[in-house]
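Engineer:
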Amino acid sequence: METKGFLPDQDLIKLYVNGNEAALEQLINRYQSKLYGYLYNMVKDSELANDLFQEIFIKVINTLKSGRYNEEGKFAPWLMRIAHNLVIDYFRKSNRMKTTSGGEDFDIFSIISDSGKNAEQQIIQEQTVSKVRDLIEQLPEEQKKVVKMRLYMDMSFKEIAEETNVSINTALGRMRYALINLKKMIEERKLNLI
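If you read the sequence shown in our numbering, its first letter stands for residue 43, the second for the next number, and so on.
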């Protein structure tokens, strides 16, 4: 029997889908600080972080209400994935807007020079990130999952262990082997990731 006041995410989801609005409020409260912290850390703007937070829960509500939620027992990683995708979408949109909304004083070089990097350095950095993402996709499934949770979802090894139902040492081991495998793949392909 559950202790009063604490229900697993899955139970709260079922309650909400069956019409209990308070269950959704409990879910929001449960993940509010972690989710907002992640968003603020990514966008560095409290109003924008609040907007994205609300947008995330609108997506959650729509998915739950439509019966399309199928992440049984994995609500937290699913929530963080939505957050991550929204942040990426935000940066893509803001980047596009920057390049197309120039007025009289529009200066293409101010867009190209980001944080002191020249255009060539930016392209190299984007290619490097793309290469690393491709390599991560080639890792064994268990290692890939740990790397994505750690790097993309900013989860602690304790959280990763809980989400994947393994010990912290196993989660750490998978990360270590993933890094070893990534290093081997980089060397085999003679990739320059500088």
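Each residue gets a CB set at the ideal place from its N, CA and C atoms; glycine is no exception.
From a predicted model like this one, the values you see are computed outputs, not experimental measurements.
Do you know whose CA, among K101, N223, L214 and M197, lies nearest P119's CA?
Structural biologist: The candidate whose alpha carbon is nearest that of P119 is M197.
Engineer: DSSP three-state call for I154: helix, strand or coil?
Structural biologist: Since pLDDT at I154 reaches only 41, below the 50 mark, its modelled position is unreliable, and the value read off the structure follows with that caveat. Correct three-state label for I154: helix.
Engineer: Exposed or buried, which one is R192 when buried takes at least 16 other CB atoms within 10 Å?
Structural biologist: Buried, because 16 or more other Cβ atoms sit within 10 Å of the Cβ of R192.
Engineer: Give me the Cα-Cα distance between S172 and N60, rounded to the nearest whole angstrom.
Structural biologist: If you take the alpha carbons of S172 and N60, they lie about 42 Å apart.
Engineer: For V85 versus L77, is the C-beta spacing smaller than 9 Å?
Structural biologist: Contact flag unset, no.
Engineer: Using the C-alpha atoms, what's the distance from P182 back to I98?
Structural biologist: Computed Cα separation, rounded: 30 Å.
Engineer: Using CA atoms only, rank isn't needed, just tell me which of K186, L106, V208 and Y194 is closest to I222.
Structural biologist: With distances taken between Cα atoms, I222 lies closest to K186.
Engineer: By Cβ distance, which residues of its chain are closer than 6 Å to T105, with the 5 residues on each side in sequence left out?
Structural biologist: Excluding sequence neighbours, T105 sits near Y111.
Engineer: Grouping DSSP H, G and I as helix and E and B as strand, with all else coil, what is N60?
Structural biologist: Coil at N60, not helix or strand.
Engineer: Is it right to say K51 is buried, meaning 16 or more other beta carbons lie within 10 angstroms of its own, or is it exposed?
Structural biologist: Residue 51 is actually Asp in this sequence, not Lys. Burial call: buried.
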